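Enquirer: Sequential numbering of the sequence shown, starting at 14, is according to the working numbering.
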Amino acid sequence: MRLGILISGRGSNFEAIANSIARRKLDAEIAIVISNRANAAGLEIARERGIPVRVIASQGLDREAYDRIVVEELKLHEVELVCLAGFMRLLSAHFVRSFPDRVLNIHPSLLPSFPGLDAQRQALEHGVKITGCTVHFVDEFLDSGPIVLQAAVPVLDDDSVETLSARILAQEHVIYSRAIQLLVEERVSVEGRRVRIREIEAE
Ligand code: GAR
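Shown next as structure tokens:
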């Protein structure tokens with residue numbers, strides 16, 4: 014399966030996906046990494062690995078005009094699954110319709126709790142005892158589409174935003190590749206808000 018990965022910054026989720034592919038835990042290839050920011054650290058990781066990169070800046074473009082350029086680039090690279098990996102933009106209806114049930118996002122909370130920015134800080138400030146991360150299909154709304162996988166992470170009494178974020182991130186790196194592999198294996202079906210994952214039948 015050909016992946017298109019969209020980033021805005023550090024790119025550690027992108028790197029974890031690339032590592033899963035290298036270790037043959039994920040049967041996919043990264044066709045293109047697109048960043049909306051020229052200084053995204055993830056771009057360097059991609060270049061070092063010889064993965065095609067493209068910076069598409071959003072300045073001066075409205076959401077749909079921007080997304081049309083991104084979709085065109087993804088189609089040019091024959092992308093079959095789009096993975097948002099720290100891509101800090103909402104997608105337009107045009108984008109979502111161009112890849113039906115084929116856009117995933119990772120978010121650092123147990124959605125629907127704490128959507129938006131600073132999810133880990135939100136969790137700490139709210140005082141929850143358990144938070145985590147979510148891989149979900151993307152619709153036009155913020156962190157809102159059907160949920161594919163989640164991992165729970167306990168909040169410790171002495172956690173800071175940094176320590177909690179680091180433990181959540183470790184789980185993000187596990188469940189994102191796992192979710193993509195489930196799609197590769199065609200084991201995922203979406204029924205309304207519910208995502209069903211078919212078990213592998215015993216031989
Ligand atoms: C990750 O924690 C990801 O879950 C979060 O941004 C970080 C990107 O890190 N995404 C969101 O908050 C989306 N709403 P990375 O660039 O190292 O993958």
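Don't be surprised by glycine CBs; every beta carbon is placed ideally from N, CA and C.
Since this is a predicted model, take the numbers as computed values, not measurements.
(1) I need the DSSP call for H90, collapsed to helix, strand or coil.
(2) Please confirm whether V109 and V148 have their CB atoms less than 8 Å apart.
(3) Can you tell me whether I30 is buried or exposed? The criterion is at least 16 other CB atoms within 10 Å of its CB, across all chains shown.
(4) So, helix, strand or coil for A70, using DSSP?
(5) To the nearest angstrom, report how far apart I160 and P113 are at their CA atoms.
(6) Are H107 and R81 close, meaning C-beta to C-beta below 8 Å?
(7) Would L19 and I47 be called neighbours here (beta carbons separated by less than 8 Å)?
(8) Along the chain, where does the beta strand (DSSP E) containing I160 start, and where does it finish?
(9) Compute the minimum distance between the beta carbon of R120 and the heavy atoms of ligand 1, and state whether it is under 7 Å.
(10) The alpha helix (DSSP H) with I265 in it runs from where to where?
(11) What are the boundary residues of the beta strand (DSSP E) that V109 is part of?
(12) Whole angstroms are fine: how far does the CA of D170 sit from the CA of R15?
(13) Looking at G22: is its Cβ nearer than 8 Å to the Cβ of R60?
(14) Taking 7 Å as the cut-off, is the CB of G17 close to at least one heavy atom of ligand 1?
(15) Quick check: what's the CA-CA separation for A41 versus E86?
(16) Could you tell me whether the stretch 138 to 148 touches the stretch 197 to 212, using the rule of 3 or more Cβ pairs below 8 Å?
(17) Return yes when the C-beta of S71 is under 7 Å from any heavy atom of ligand 1, and no when it is not.
Expert: Taking the definition as stated:
(1) Counted from its first residue, the sequence shown places residue 90 at position 77. H90 falls in the coil class under three-state DSSP.
(2) Against the sequence shown, residue 109 aligns to sequence position 96. Against the sequence shown, residue 148 aligns to sequence position 135. No. Outside cutoff.
(3) Counting from one through the sequence shown, the residue named residue 30 turns up at place 17. Here I30 is buried, its C-beta having at least 16 other C-beta atoms within 10 Å.
(4) Mapped onto the sequence shown, residue 70 falls at position 57. The answer is coil: DSSP assigns A70 none of H, G, I, E or B.
(5) Start at 1 with the first residue of the sequence shown, and residue 160 comes out as number 147. Start at 1 with the first residue of the sequence shown, and residue 113 comes out as number 100. Cα-Cα distance, rounded: 15 Å.
(6) Here the question's residue 107 lines up with position 94 in the sequence shown. Here the question's residue 81 lines up with position 68 in the sequence shown. Yes, Cβ-Cβ distance for H107 and R81 is below 8 Å.
(7) In the sequence shown, counting from the first residue as 1, residue 19 sits at position 6. In the sequence shown, counting from the first residue as 1, residue 47 sits at position 34. For L19 and I47, yes; Cβs fall inside 8 Å.
(8) Taking the sequence shown and counting its residues from 1, one reaches residue 160 at position 147. First-last of the beta strand (DSSP E) with I160: 160 to 167.
(9) The sequence position of residue 120 within the sequence shown is 107, counting from 1. For the sequence presented, residue 120 should be read as His rather than Arg. Checking every heavy atom of ligand 1 against the Cβ of H120, one is found closer than 7 Å.
(10) This structure cannot speak to residue 265, because the chain is shown only from 14 to 216.
(11) Counting from one through the sequence shown, the residue named residue 109 turns up at place 96. Run containing V109: none in the beta strand (DSSP E); it sits in the alpha helix (DSSP H), 106 to 111.
(12) Walking along the sequence shown from the start, residue 15 turns up at place 2. Walking along the sequence shown from the start, residue 170 turns up at place 157. Looking at the two C-alpha atoms, the distance is approximately 42 Å.
(13) Position 9 of the sequence shown, counting from 1, holds the residue named residue 22. Position 47 of the sequence shown, counting from 1, holds the residue named residue 60. No, the Cβ-Cβ distance between G22 and R60 is not below 8 Å.
(14) Residue numbering aside, residue 17 sits at position 4 when the sequence shown is read from its first letter. Incorrect: G17 has no Cβ contact closer than 7 Å to ligand 1.
(15) For this step, residue 41 is matched to residue 28 along the sequence shown. For this step, residue 86 is matched to residue 73 along the sequence shown. Their backbone Cα atoms lie some 19 Å apart in a straight line.
(16) no
(17) In the sequence shown, counting from the first residue as 1, residue 71 sits at position 58. Not under cutoff, so the answer is no.
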